[in-house]
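Engineer: Here's a structure for you.
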Amino acid sequence: MCTLNRSGRYHTSGFFSPILTLLIMIASLLSGPAYAAQAVDNFSAPLKQLLEFDFDIKQQAIEQLAKSDDERVDRIFKTLLNGDLYYRKEDQALVYVFSTDDGYALTGVLDNASLGVVSKREIKKITVNNQLRELLSGLIAERGMSNRNPAVRLNSVKEMIGQVGEPDRDRLQKLLVSETDQRVSRALHIALAMLDVVHGDKQKQLAAVVALGESDYTESRNRLQQVLKQATAADDSALAKQVKTSLHAIQLRAERYQALETVFFGISLGSVLLLAAIGLAITFGVMGVINMAHGELMMIGAYTTYVVQLLMPNYIEWSLLVAVPAAFIVAGLFGVAIERGVIRFLYGRPLETLLATFGISLVLQQLVRSIFSPLNRSVQTPAWMSGSWEINAVLSLTYNRLYIIVFSLLVFAALLAILKKTPLGLQVRAVSQNRTMARAMGIRTEWVDAMTFGLGSGIAGVAGVALSQLTNVGPNLGQSYIIDSFMVVVFGGVGNLWGTLVGAMSLGVANKFLEPWAGAVLAKIFILIFIILFIQKRPRGLFPQKGRAAEN
Amino acid sequence: MSFINTLIKLIEQDRVGRYLFSALLAIAIMVPVLNLLVPEGSSLHLSTYVVTLLGKYLCYALLALALDLVWGYGGILSLGHGVFFALGGYAMGMYMMRQIGSRGVYGNPELPDFMVFLNWHELPWYWFGFDHFWFAVLMIVLIPGLLAFVFGWLAFRSRVTGVYLSIITQALTFAFMLAFFRNEMGFGGNNGLTDFKDILGFELQHGGTRNVLFVLSALALAAGYLLCRYIVNSKFGRVVVAIRDAEARTRFIGYKVESYKLWLFIISAVMAGIAGALYVPQVGIINPGEFSPLNSIELVVWVAVGGRGTLFGAIVGALLVNFAKTFFTGALPEVWLFALGGMFIVVTLFLPRGLVGLYQQSREKYLAGRAA
Amino acid sequence: MKALEQLRETMRRDRVFDFMAGSHLVHPGEIDTRHGPILYVENVNVSFDGFKALNDLTLYIDDGELRCIIGPNGAGKTTMMDVITGKTRPDSGTVFFGQTMDLTRMTEYEIASSGIGRKFQKPTIFPEHTVFENLELAMHMDKGVWSSLQFRLSGEQKDRIEEVMQTINLLAQCHTAAGLLSHGQKQWLEIGMLLTQSPRLLLVDEPVAGMTHQEIEHTAELLTGLAGKHSVVVVEHDMDFIRSIAKKVTVLHEGHVLAEGDMEAIQNDPRVIEVYLGE
């Protein structure tokens with residue numbers, strides 16, 4: 001798994017690149033076998049040489065491989081550098097090795113095909129010495145920095161910054177001249193500044209300190225701290241002062257990014273809460289029905305995702321797109337069944353509804369336990385959901401959180417549109433304001449009730465799809481969210497979707513800001529206590545319904 | 001003297017109550033006899049396990065009674081009554097923990113095992129006093145009472161009612177659960193308090209102690225019932241029901257509604273705390289799981305199944321549902337949640353007044369039929 | 001924008017959080033009516049979401065007076081009663097009971113126990129309690145928690161309840177659950193509760209809705225009989241009923257007093273005819 005993590009991380013610069021990657025992956029999936037067969041010959045000779053015992057022959061082989069611009073070479077080099085490249089004893093085929101519970105899983109170096117699980121005895125490591133390591137790391141850096149893809153170049157330069165030495169200067173300067181991408185050339189400047197700050201003359205040193213002060217790499221910060229020590233030792237007050245200013249600037253920015261990141265985490269937690277609570281806001285807020293089985297409807301959505309993935313194991317990338325409507329329909333149907341079967345007999349008796357729906361939640365939980373087993377099921381995350389968007393060296397936002405924020409806002413907007421713009425929405429509002437009058441006007445209130453409840457439940461199902469990407473999918477999934485969702489709805493004000501949005505986001509952000517100094521559990525307790533106290537002051541939430549209608 | 005007269009009058013007027021007292025008296029005598037005097041080989045012998053189980057049920061019944069007082073009469077559906085039960089239990093557990101002394105695994109005379117394990121060097125301040133039984137008893141009453149006071153004072157003054165109240169009581173017990181799961185709280189974290197040795201010098205594993213605890217539970221239940229009956233038969237009880245049915249109206253004829261609710265809530269919380277304190281020595285453990293919202297909601301089912309607002313119904317419900325639970329979780333574990341869930345649904349849909357209500361209805365019908 | 005206002009409202013410095021504000025001591029029986037009026041409603045404004053339910057309402061009720069209040073729907077009659085009994089807090093203005101008691105700073109129960117009774121538009125009684133218990137609950141006495149726990153009905157109180165049951169014609173239903181009574185009987189029961197409560201000031205909202213002609217007459221007798229010892233404010237739509245009891249009538253329109261005077265003057269007031277009687 002280690003190897004995969006190291007090389008499988010996406011360092012992409014744009015927001016849409018995961019989709020691009022997705023397309024490339026699909027393309028390579030389709031053209032895979034032909035491509036591999038043709039490439040074998042170019043590789044096989046030097047690769048065979050890697051198995052030789054003599055390090056000189058290995059060196060030749062590496063240099064030979066370095067001439068190829070095949071992307072697989074990079075992985076081979078990296079693996080070799082880490083001492084993780086093996087060959088299979090029986091047929092001397094080069095393999096990548098992943099340690100699993102059962103033994104060592106092999107994949108072919110050439111075609112990336114899975115070769116089964118073997119024991120340690122059947123494989124042998126390809127050893128390297130220090131000289132080869134040096135060669136390899138140089139080659140990797142060079143190949144990276146001359147890659148056509150600016151993202152790869154940027155990454156290579158970044159990796160270089162920590163270990164840049166005087167011999168690299170010429171190469172860096174050469175690259176800087178030809179570099180067209182702004183981000184890469186900025187990184188190259190920083191790398192050069194790392195050199196100047198140590199080896200340059202006074203003026204260059206000062207300029208380098210200023211330049212490093214504008215960057216956010218840990219390495220540049222460390223370097224500045226070293227320089228500060230030296231400058232203090234050498235009694236160079238001008239330099240020391242400049243270094244301090246730069247360090248302070250770095251510190252300030254780091255704090256700002258930290259806060260920004262916390263806000264991001266908070267908003268992403270808030271959007272999960274929003275997804276969980278928004279369906280509840282409809283059933284509770286619009287219909288006045290306390291649905292304790294709401295969490296279980298989310299659970300149903302999550303299990304729908306699981307089933308969808310079981311049904312289309314080869315198209316995991318697309319599974320979520322299918323799961324969203326599927327979960328909406330499945331959970332929505334469950335919702336309609338619950339409304340028709342139980343809730344409609346209990347309108348106007350909120351406490352009884354609460355109890356009955358709690359009973360339903362227990363039944364649903366046990367149902368899932370009986371059908372799918374009480375253990376957690378693993379739902380896979382499509383590749384385009386993993387990875388992160390690296391804004392700079394300090395701040396990176398993970399894609400799954402970003403997608404969930406966007407997704408929850410989309411769901412919110414869709415729901416708002418349904419309630420404001422469609423005939424159903426009009427009828428729902430009419431029924432929630434005056435049931436008898438609505439009925440007198442010819443609205444089929446029973447149908448509206450069922451549809452509203454189905455809508456709320458369907459949204460819970462959709463929330464379940466999102467949750468399946470964040471937490472374990474198990475029978476208890478719903479329970480852990482139900483209290484939070486109620487808190488959000490009550491905090492935001494019942495019957496007010498915007499209140500739910502504001503409530504969810506502010507609770508999410510507050511939670512994340514409390515976490516660093518209170519710990520996750522205490523933060524949650526504080527939030528609960530805060531809401532309990534808040535309800536005292538504003539029993540109807542942040543955005544209460546006003547006027548005569550609210551009195552009863 | 002007048003107090004005793006009042007009690008006698010209460011019992012005289014309360015037909016169902018007389019049945020209950022006779023039944024409690026009977027088992028309080030019979031159970032120890034069957035356990036201690038009947039030889040083990042006999043088919044009439046009750047094992048100590050069953051005695052403990054029955055004792056546990058009686059504690060649950062007392063807890064259900066406490067909930068019925070606030071829910072059935074006051075209309076306050078607390079989904080967090082387990083919090084008072086658990087706090088009472090913890091107070092008792094802390095006393096028994098201190099009684100272990102140097103007999104723990106680590107043999108530390110001052111600190112309970114889990115504190116030694118956490119590398120603590122002295123007893124946290126809130127553990128002081130719990131080596132005295134009287135202090136623990138005081139806390140069993142005071143802590144749930146105080147929490148109920150603070151929470152109720154805040155909630156009732158701001159007129160948080162109905163489902164809002166239910167939801168924040170649930171949040172309350174949830175918050176307590178999270179807090180008690182933390183090792184830093186100093187209540188044994190995940191594992192809670194357990195491995196108790198003795199209470200007031202009597203060995204907990206000893207059959208005699210078990211029987212005494214059982215009889216005490218029966219007495220507590222009887223006393224609890226009597227107290228509740230006194231309360232609901234007094235004008236206080238009538239005011240409380242009036243608040244349940246028409247809160248605003250009760251205010252407009254001059255009752256300070258929040259005080260009534262508050263006192264009702266406190267009395268109920270203290271009863272729940274006592275139930276918890278009797279429960280813990282019998283089961284031998286108290287852990288944060290007792291705070292879980294599910295427990296509190298299960299408690300609501302007991303009362304709903306038995307019939308709320310009848311006192312007797314709460315007791316019947318607690319005994320029946322828990323008997324069913326013991327049976328199902330033993331014989332058909334996967335069916336239990338279906339059964340429990342089904343009970344919620346069936347009772348709310350078809351038996352709004354519970355089993356006792358059903359019985360009363362059919363009895364009224366029968367009497368009416370005979371009169372005609 | 002609304003959110004901002006809400007926030008500002010929450011943060012207002014001159015308001016203490018409700019749970020921190022002290023309560024106001026009430027001394028029943030200290031109603032200072034030396035200047036004549038028992039109730040002073042002055043410049044009261046109430047609005048719901050921009051709708052002005054009460055608009056600079058000013059009204060005085062004399063001690064022992066029987067006052068009728070009429071007005072079309074939405075004129076603010078019920079809101080006015082809500083303000084007096086503490087159910088609704090005015091946005092501005094003052095309401096004094098006697099010279100000394102500021103009703104806008106008292107809670108509902110404090111207002112009730114200081115001597116203001118109210119009968120609601122929709123009869124609200126305690127459905128699970130018997131007629132007797134309903135009257136007992138309303139009865140004028142110490143209504144604290146502790147005294148309720150120890151309370152025993154005295155013979156005198158029992159006589160009083162029976163007397164009231166006689167008056168409201170519910171003696172036969174003494175042990176019937178109030179929820180089983182007919183609509184008219186519920187109206188009577190609520191009036192009966194006002195009688196046992198025996199307040200200085202009675203606010204009666206539509207007392208005769210759903211009553212037979214005979215019952216209406218009986219009610220009229222009852223209310224006029226109460227005046228003098230008590231002050232009575234009646235809100236009613238039934239003009240015949242008003243005519244039969246009214247000495248002084250106040251007409252409310254759009255949240256403020258349109259006209260005030262005896263029945264005849266009111267009936268001839270062109271403004272009143274325009275908004276109300278003329279329809």
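Same order as they appear, the protein sequences are chains B, C and P.
Going letter by letter, the first sequence gives residues 1 to 552 in the working numbering.
Going letter by letter, the second sequence gives residues 1 to 372 in the working numbering.
Going letter by letter, the third sequence gives residues 1 to 279 in the working numbering.
All C-beta atoms in this analysis are idealised placements derived from N, C-alpha and C, irrespective of residue type, glycine included.
Computed from a prediction, not measured in an experiment: that's the story for all the values here.
(1) Would you mind telling me which residues of chain B sit closer than 7 Å to Y164(C), beta carbon to beta carbon, in chain order?
(2) Specify the secondary structure class of D195(C) as computed by DSSP and reduced to three states.
(3) Which chain P residues are close to D245(C), counting only those with a beta carbon under 7 Å from its beta carbon?
(4) Is it a yes or a no for the region 229-241 of chain C touching the region 36-56 of chain C, going by three-plus beta-carbon pairs under 8 Å?
(5) For V232(P), write down the residues that DSSP places opposite it in a beta bridge.
(6) Measuring only the C-alpha atoms, how far is A254(B) from A518(B)?
(7) Rounded to the nearest angstrom, what separates I32(C) and V51(C) at their Cα positions?
(8) Thinking C-alpha only, which one of G201(C), S259(C), L264(C), L178(C) is nearest V232(C)?
(9) Along chain C, which residues have their Cβ under 9 Å away from the Cβ of I343(B)?
(10) Please decide whether I253(C) counts as near chain P, where near means a Cβ-Cβ distance under 8 Å.
(11) Mind listing which residues of the region 225-236 of chain C have their C-beta closer than 8 Å to chain P's C-betas, in chain order?
(12) F97(P) by DSSP, collapsed to three states: which one?
(13) If I'm right that D170(B) touches R153(B) with Cβ under 8 Å, what's the distance once you round it to whole angstroms?
(14) Taking 8 Å as the threshold (beta carbon to beta carbon), is E122(B) in contact with chain C?
(15) Please report how far the alpha carbon of L219(C) lies from the alpha carbon of L227(C), in whole angstroms.
(16) What are the start and end residues of each continuous alpha helix (DSSP H) run of 4 or more residues lying completely inside the region 137-217 of chain P, in chain order?
(17) With DSSP run on the structure shown, which of helix, strand or coil describes A227(P)?
(18) Out of L24(C), Y230(C), F3(C), which one is the CA nearest neighbour of L319(C)?
(19) Let me check one thing: in DSSP terms, what residues is R118(P) bridge-paired to?
(20) Assess contact between the region 70-88 of chain C and the region 271-291 of chain C, defined as three or more Cβ pairs (one per stretch) separated by less than 8 Å. Is contact present?
(21) Closer than 9 Å, Cβ to Cβ, to anything on chain C: give me those residues from the region 512-523 of chain B, in chain order.
(22) Keeping to the same chain, check which residues put their C-beta closer than 6 Å to that of C59(C); ignore five residues upstream and five downstream.
(23) Can you check DSSP and say which residues form a bridge with H253(P)?
(24) Is I140(B) closer than 8 Å to V81(B) when the C-beta atoms are compared?
(25) Under 7 Å Cβ-Cβ, which residues of chain B neighbour T348(C)?
(26) Output the distance between the C-alpha atoms of L62(C) and V164(P), rounded to the nearest integer angstrom.
(27) Nearest by alpha-carbon distance to L165(C): which of P539(B), P544(B), G493(B) is it?
(28) Can you name the residues of chain P whose CB is closer than 7 Å to the CB of Y49(C)?
(29) Out of V215(C), Q170(C), N211(C), N5(C), state which residue places its alpha-carbon closest to the alpha-carbon of L299(C).
(30) Extract the residue ranges of the alpha helix (DSSP H) inside the region 311-356 of chain B, only unbroken runs of 4 or more that lie entirely within it.
(31) Check whether chain C comes within 8 Å of F412(B), counting only Cβ atoms and requiring the distance to be less than that.
(32) For the beta strand (DSSP E) containing N43(P), list its first residue and its last residue.
(33) Which of the three DSSP states is assigned to S378(B) in this structure?
(34) Quick check on K186(P) - is its C-beta less than 8 Å from some C-beta in chain C?
(35) Interface residues of chain B around L340(C) at Cβ under 7 Å?
(36) Are there 16 or more other CB atoms within 10 angstroms of the CB of E274(P), so buried, or fewer, so exposed?
Structural biologist: According to the structure shown:
(1) Taking the first residue of the second sequence as 1, we reach residue 164(C) at position 164. Going along chain B in sequence order, the residues near Y164(C) (Cβ under 7 Å) are V490, I535, P539.
(2) Locating residue 195(C) in the second sequence gives position 195, counting from the first residue. D195(C) falls in the coil class under three-state DSSP.
(3) Numbered from 1 along the second sequence, position 245 holds the residue referred to as residue 245(C). By Cβ distance, chain P contributes F126, P127, E128.
(4) no
(5) On the third sequence, residue 232(P) is found 232 positions in, with the first residue counted as 1. L66(P), L202(P).
(6) Position 254 of the first sequence, counting from 1, holds the residue named residue 254(B). Position 518 of the first sequence, counting from 1, holds the residue named residue 518(B). Near 21 Å, if we compare the C-alpha coordinates of A518(B) and A254(B).
(7) Along the second sequence, one-based indexing puts residue 32(C) at 32. Along the second sequence, one-based indexing puts residue 51(C) at 51. Residue 32(C) is actually Pro in this sequence, not Ile. One C-alpha to the other measures close to 8 Å.
(8) Position 232 of the second sequence holds residue 232(C). Nearest of G201(C), S259(C), L264(C), L178(C) to V232(C), Cα basis: L264(C).
(9) Along the first sequence, read from residue 1 onward, the residue named residue 343(B) stands at position 343. The contacting residues do not exist; I343(B) stays about 10 Å from chain C at best.
(10) Indexing the second sequence from 1 puts residue 253(C) at position 253. It does; some Cβ of chain P falls within 8 Å.
(11) I231, S234, K235, F236
(12) By one-based count along the third sequence, residue 97(P) stands at place 97. In this structure, F97(P) counts as strand in the three-state DSSP scheme.
(13) In the first sequence, the residue the question calls residue 170(B) occupies position 170. In the first sequence, the residue the question calls residue 153(B) occupies position 153. Their Cβ separation, rounded to whole angstroms, is 17 Å, which puts D170(B) and R153(B) out of contact at 8 Å.
(14) Here residue 122(B) refers to the residue found at position 122 when the first sequence is read from its first residue. Taking Cβ atoms only, chain C never reaches closer than 8 Å to E122(B), which makes this a no.
(15) Walking along the second sequence from the start, residue 219(C) turns up at place 219. Walking along the second sequence from the start, residue 227(C) turns up at place 227. Straight-line Cα distance between these residues: approximately 12 Å.
(16) 145-150, 155-167, 183-197
(17) Sequence index remark: in the third sequence, residue 227(P) carries index 227 (1-based). Correct three-state label for A227(P): strand.
(18) By 1-based counting over the second sequence, the position of residue 319(C) is 319. The shortest Cα separation from L319(C) among L24(C), Y230(C), F3(C) belongs to L24(C).
(19) Position 118 of the third sequence holds residue 118(P). Paired residue(s): L203(P).
(20) yes
(21) G519, V521, L522
(22) Against the second sequence, residue 59(C) aligns to sequence position 59. The answer, listed in chain order, is S217, A275, L278, Y279.
(23) Numbered from its first residue, the third sequence carries residue 253(P) at position 253. Its beta-bridge partners are H256(P).
(24) Counting from 1 along the first sequence, the entry for residue 81(B) is found at position 81. Counting from 1 along the first sequence, the entry for residue 140(B) is found at position 140. According to the sequence displayed, residue 81(B) carries Leu and not Val. Yes.
(25) Walking along the second sequence from the start, residue 348(C) turns up at place 348. Result: L346, E352, L355, A356.
(26) For the purposes of this step, residue 62(C) is identified with residue 62 of the second sequence, where counting begins at 1. For the purposes of this step, residue 164(P) is identified with residue 164 of the third sequence, where counting begins at 1. One C-alpha to the other measures close to 41 Å.
(27) Along the second sequence, one-based indexing puts residue 165(C) at 165. It is P539(B) whose Cα lies nearest to the Cα of L165(C).
(28) Locating residue 49(C) in the second sequence gives position 49, where the first residue counts as 1. None at all; the shortest Cβ gap to chain P is about 41 Å.
(29) Within the second sequence, numbered from 1, the residue matching residue 299(C) stands at position 299. When only C-alpha atoms are compared, the closest one is Q170(C).
(30) 316-341
(31) Along the first sequence, one-based indexing puts residue 412(B) at 412. No, F412(B) lies away from the interface with chain C (no Cβ there is under 8 Å from its Cβ).
(32) Your numbering for residue 43(P) matches position 43 in the third sequence. N43(P) -> beta strand (DSSP E) spans 37-48.
(33) In the first sequence, counting from the first residue as 1, residue 378(B) sits at position 378. DSSP places S378(B) in coil when its eight states are reduced to three.
(34) Position 186 of the third sequence, counted from the first residue, corresponds to residue 186(P). No - not a single Cβ of chain C is within 8 Å of the one on K186(P).
(35) Working through the second sequence from its first residue, we reach residue 340(C) at position 340. Near L340(C) (Cβ distances below 7 Å), the residues of chain B are L362.
(36) In the third sequence, the residue the question calls residue 274(P) occupies position 274. Exposed: under 16 other Cβ atoms inside 10 Å.
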